[in-house]
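Chains as they are written, first to last, in our numbering: chain F, 1 to 324; chain R, 325 to 574; chain S, 575 to 868. Idealized CB from N, CA, C, for every residue including glycine.
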Amino acid sequence: MTREKRKFLAFALFTLAVLIAPLFFQGSYLVNVMVFVGINTMLAVALNLLLGLAGQISLGHAAFFGLGAYLSGVLTTAYAVGPWSAMALSAVAVGCLSFLIGFPILKLKGHYLAMATLGFGIIVYILLNETVDLTGGPSGLSGIPNLSIGPWAFDSDEKNYYLIWGFTLLTMLLSINLSNSRIGRALRAIHDSEIAARVMGVNARLLKVQVFAISAILSALAGSLYASTMTFIAPASFGFNVSVELVTMVIVGGLGSIYGSFLGAGILTLLPEYLRVLQDYDIVVYGLLLIVMTMFMPGGLVSGIRRVEAAARAGMRGKDRTNA
Amino acid sequence: MLRLQGVTKVFGGLTALENVSVSMEKGAITGVIGPNGAGKTTLFNIVSGIYSLTSGSIFLEEKNISGFAPETLATLGLVRTFQNVELFGKMSVLENVMVGLHTRSRSGIVSCAFRLPGQVREEKRIRELGMKWLEFVGMADSADLTAASLPFGKGRLLEIARALAVEPRIILMDEPAAGLNSRETIGLAALIKRIRLSGITVILVEHDMDLVMDVCDRVVVLNLGCMLAEGTPREIQENPSVISAYLGEG
Amino acid sequence: METASQIVQYLLSGLSTGAIYALIGLGFAVIYNATGIINFAQGEFVMLGGMLTLFFLTDMNLPLVPAVMLAIFSSTAVGTAFERLAIRPLRNATPLSLVIITIGASILIRGQAMLLWGKDTHALPPFSGSDPLEIAGATILPQHLWIFAVTIVIIVASRLFFTYSIAGKAMRACAYNPRAAGLVGIDVRKMVLFSFVISSAIGSMAGIIVAPLTMTSYDVGILLGLKGFCAAIIGGMSSGLGTVIGGLLLGVLESLGAGLISASYKDAIAFVVLLVILFVRPEGVFKKTETERV
Chain F
1 MTREKRKFLA FALFTLAVLI APLFFQGSYL VNVMVFVGIN TMLAVALNLL LGLAGQISLG
61 HAAFFGLGAY LSGVLTTAYA VGPWSAMALS AVAVGCLSFL IGFPILKLKG HYLAMATLGF
121 GIIVYILLNE TVDLTGGPSG LSGIPNLSIG PWAFDSDEKN YYLIWGFTLL TMLLSINLSN
181 SRIGRALRAI HDSEIAARVM GVNARLLKVQ VFAISAILSA LAGSLYASTM TFIAPASFGF
241 NVSVELVTMV IVGGLGSIYG SFLGAGILTL LPEYLRVLQD YDIVVYGLLL IVMTMFMPGG
301 LVSGIRRVEA AARAGMRGKD RTNA
Chain R
325 MLRLQGVTKV FGGLTALENV SVSMEKGAIT GVIGPNGAGK TTLFNIVSGI YSLTSGSIFL
385 EEKNISGFAP ETLATLGLVR TFQNVELFGK MSVLENVMVG LHTRSRSGIV SCAFRLPGQV
445 REEKRIRELG MKWLEFVGMA DSADLTAASL PFGKGRLLEI ARALAVEPRI ILMDEPAAGL
505 NSRETIGLAA LIKRIRLSGI TVILVEHDMD LVMDVCDRVV VLNLGCMLAE GTPREIQENP
565 SVISAYLGEG
Chain S
575 METASQIVQY LLSGLSTGAI YALIGLGFAV IYNATGIINF AQGEFVMLGG MLTLFFLTDM
635 NLPLVPAVML AIFSSTAVGT AFERLAIRPL RNATPLSLVI ITIGASILIR GQAMLLWGKD
695 THALPPFSGS DPLEIAGATI LPQHLWIFAV TIVIIVASRL FFTYSIAGKA MRACAYNPRA
755 AGLVGIDVRK MVLFSFVISS AIGSMAGIIV APLTMTSYDV GILLGLKGFC AAIIGGMSSG
815 LGTVIGGLLL GVLESLGAGL ISASYKDAIA FVVLLVILFV RPEGVFKKTE TERV
């Protein structure tokens, strides 16, 4: 029980920090950046369920993000559907799509899975660019309405901050719960040894497809939120580079660690904002990060921090002993 | 309990198993032995649903289970362990056993994500049952260790505990004594007998003849993919064709 | 008759881009067969071939032949360095880490190219003029002939290499069973390095011969690489004829699709083909189905 309490406490502290953080930000620029951190955290957590828990790579997750954004965008602007209903409809549509393609795609493993998801992502990207009548093509889609509750619209950075982080915190909480349940254990078992998991009665095939669909639905929700807070979307935000960026966030933070995904998303969102010098270098930095993290810190920052912490604790204990 | 009828497996042009027919008695410990390359592990891989069979059929009690997937077999009460110990290395010892309880629990994704009351109760029950199985193999004190950090012998025990957590009717063990020292092997023999006492049918592939002769009620001998002999340990020890197969003659 | 000559035109241009895909696909297959790795950075060698040739031609003012030689040599050096620095230290890594490492390398190479040479698209001058020749009512550029000629030479050379040379045979042995190859005294690590050398050399050559036709820029490697992979997948990852046919097939399909259906979805064709093949016949179109291995 103590372990569960500790987990609850950690999440409560995290939530509190998120809630009061805007009080410390001066000017709305930082709040705006934190909105992006929220969206990226939601996306990274969603991908982490697939990549970190189940060990299945997707190089096409930006496509689900994009489909969510565009479905919401098109439904609200061209068909006058309310923003909340549009969001729900896009989530359902992406859920069905991902469930259907999940069966043939997740039959593939490793490199082949990576290539297939990549191919899927590029097909969606081409579709977003070429169906100009519907999406506005490369120049984008504008005039997407904000979400609102009654007369109260999410139309400022502060309001959007709480909207996005509300969803992100919920995503994180559900993901933490899921990874500590029988489903989460079964997924981690598939990651470690799929054949042994199946021998234990885990229906690996179905479970992988289910987590793929959940991950896609969460990404689509993030897309709808993105569309309604930005009010403008263009295909460039959902291309191959974005898929790779998401994978980088998960790897940098640590495979399977939900708070790690927040860390990874935070770092990769803030880095280009703060280091203006980076400008064009940011893509090179991603490449380097991917290589260096995989080679030298395969557990990501979270495990790195834990290791440092353990070492420090061991060092202190050593000191105590010498003092005594 | 388990009946094989004319089981044949061909890899490319190579016949690994040819027309093997044998039945294993309920509640007994059956040993499958044979020289290297006799097809023992192939036999296990076919029965446990990892390989498909080329021809023949397999029955679990009266049910034809030929070509069933491993996860389906687990729900029917057939599990196995692996020669090289396939643990979930990054998970804790207790969590490994809890995965074994997957078929004994049914909370879906939604109730797990929202921690609905039924799921919380079930989680508690899984945890307690998991501890019970760890106690059964004498590993309760290692519950919180990472599985990958276990010494080899303990890993074997954990794998057996995990398989038992499925509450199988029949358990296949692929060389459970391989890599164990003599003290651990004695412990293993006692454990296998205790498993049988709880009503589970045991089938083991094994090279350690002392262990086979000690625990097995029946022994099946394979050679070059074919059935060579079947009988009690004593009969097998005295069977001239078995002796010559092991000495590499005729 | 006009449609007939148009179709001949599509076929010709399809075959020439197909030849490029075939070469890139061969690069994938050579590394895959030696290591089991799908090298996501394969397309970057193609980009490097074109961009480096341009660099040596215009910035260094070298004549064509030395520029091409230097470009091939430098791309191969990058491939070698990549294997030494990132692949060799991770010999026992999971497929997931290897995918990520090669993606990281591809981003890194692409980003460096962008920083060095900017984001502009450049044209490489054709090797021997641009006066079109006429064949069966269709026109063909001299560069097309160069593509066919170079492709045939590379394919024949690699075929001879893998069938007759000691190193080629050793590499095939590694692909078949690395442990056994190691036991009979083949230096498996050297063969892995070798596969990266060959593959980056072939990739850069493909990039060089195609650059005068399609223009080149720092980011051409992504699409070309993926299409080359598609060719290799159609061919069942064989480092021989299968991949070549796969590439030609894909090139023709693309060019017919672009000409007869819609040019804007041209790039999507390759990926639809890729997904269909991965879903239906991941072992390739020409291979007999093998018994499953677990």
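- With respect to the 8 angstroms criterion, R:Val536 and R:Gly355 are classified as neighbours on the basis of their beta carbons.
- Annotation note: the segment 810 to 847 of chain S contains the following uninterrupted alpha helix (DSSP H) runs of length 4 or greater, listed N- to C-terminal: 815 to 830.
- Nearest in C-alpha terms to S:Gly858, of all of S:Leu815, S:Glu828, S:Ser838, S:Lys840, is S:Leu815.
- Under the three-state reduction of DSSP, F:Leu301 is assigned to helix.
- Using a Cβ distance threshold of 8 angstroms, R:Val331 and R:Leu338 do not count as a contacting pair.
- The beta carbon of R:Gly401 is closer than 6 angstroms to those of Pro492, Arg493 in its chain, skipping five residues each way along the sequence.
- Of all residues in the segment 153 to 186 of chain F, only Leu174, Ser175, Asn177, Leu178, Ser181, Arg182, Ile183, Gly184, Arg185, Ala186 place a beta-carbon less than 8 angstroms from a beta-carbon of chain R.
- Assignment of F:Asp155 by DSSP, reduced to helix, strand and coil, places it in the coil class.
- For F:Val302, the closest Cβ of chain R is not nearer than 8 angstroms.
- For a Cβ distance threshold of 7 angstroms, nothing in chain F lies close to R:Ile524: the least Cβ distance comes to about 16 angstroms.
- Rounded to the nearest whole angstrom, the CA to CA distance from F:Gln210 to F:Phe99 is 7 angstroms.
- DSSP places R:Leu552 inside the beta strand (DSSP E), whose first and last residues are 550 to 555.
- Against F:Val211, chain S offers no close residue; the least beta-carbon distance is about 16 angstroms (beta-carbon pairs closer than 7 angstroms).
- Between the C-alpha atoms of S:Ile760 and S:Leu600 there is a straight-line separation of about 23 angstroms.
- Using a Cβ-Cβ cut-off of 8 angstroms, F:Asp133 does not count as an interface residue toward chain R, since no Cβ of chain R sits closer than that to its own.
- With respect to chain R, the C-beta atom of F:Gly201 has a partner C-beta closer than 8 angstroms.
- When only Cα atoms are considered, S:Pro700 and S:Leu822 end up about 22 angstroms apart.
- With a beta-carbon spacing of about 13 angstroms, S:Thr654 and S:Ala615 fall beyond the 8 angstroms limit used to define contacts.
- Interface annotation, F:His111: in contact with chain S, CB-CB separation under 8 angstroms.
- Rounded to whole angstroms, the Cβ separation of R:Gly454 and R:Val403 is 15 angstroms, and the two are not in contact under 8 angstroms.
- Chain-order list of chain F residues neighbouring S:Ser829: empty, with the shortest C-beta distance near 17 angstroms, by a criterion of under 8 angstroms.
- Sixteen is the threshold: when 16 or more other Cβ atoms of the shown chains lie within 10 Å of the Cβ of S:Phe656, as they do, the residue is buried.
- As computed with DSSP, S:Glu708 is found in a beta bridge with S:Thr713.
- S:Gly678 is the residue among S:Val762, S:Ala754, S:Gly678, S:Gly588 whose C-alpha sits nearest the C-alpha of F:Leu290.
- Bounds of the alpha helix (DSSP H) holding F:Ala227 are 204 to 230.
- With fewer than 16 neighbouring CB atoms inside 10 Å of its own CB, S:Ile835 falls in the exposed class.
- Straight across, the Cα-Cα distance linking S:Gly799 with S:Leu827 is about 17 angstroms.
- With a minimum length of 3 residues, there is no unbroken run of beta strand (DSSP E) contained wholly in the segment 431 to 456 of chain R.
- Using beta-carbon distances, F:Asp192 counts as an interface residue toward chain R, with a partner under 8 angstroms.
- Note on geometry: alpha-carbon atoms of R:Ser431 and R:Ala437 lie some 10 angstroms from one another.
- Going by C-alpha positions, S:Leu664 is about 20 angstroms away from S:Thr650.
- Excluding five sequence positions before and after R:Ser376, the CB atoms of its chain that fall closer than 7 angstroms to its own CB belong to Gly391, given in chain order.
- Here the C-alpha atom of S:Phe630 lies approximately 19 angstroms from the C-alpha atom of S:Ile776.
- Residues of the segment 89 to 118 of chain F that bring their beta carbon within less than 8 angstroms of a beta carbon in chain S comprise Pro104, Ile105, Lys107, Leu108, Lys109, Gly110, His111, Tyr112, Ala114, Met115, Ala116, Leu118, in sequence order.
- Under the criterion of beta carbons closer than 8 angstroms, R:Met415 and F:Arg188 qualify as touching, at roughly 6 angstroms.
- A straight line joining the alpha-carbon of S:Asp633 with that of S:Ala697 spans about 14 angstroms.
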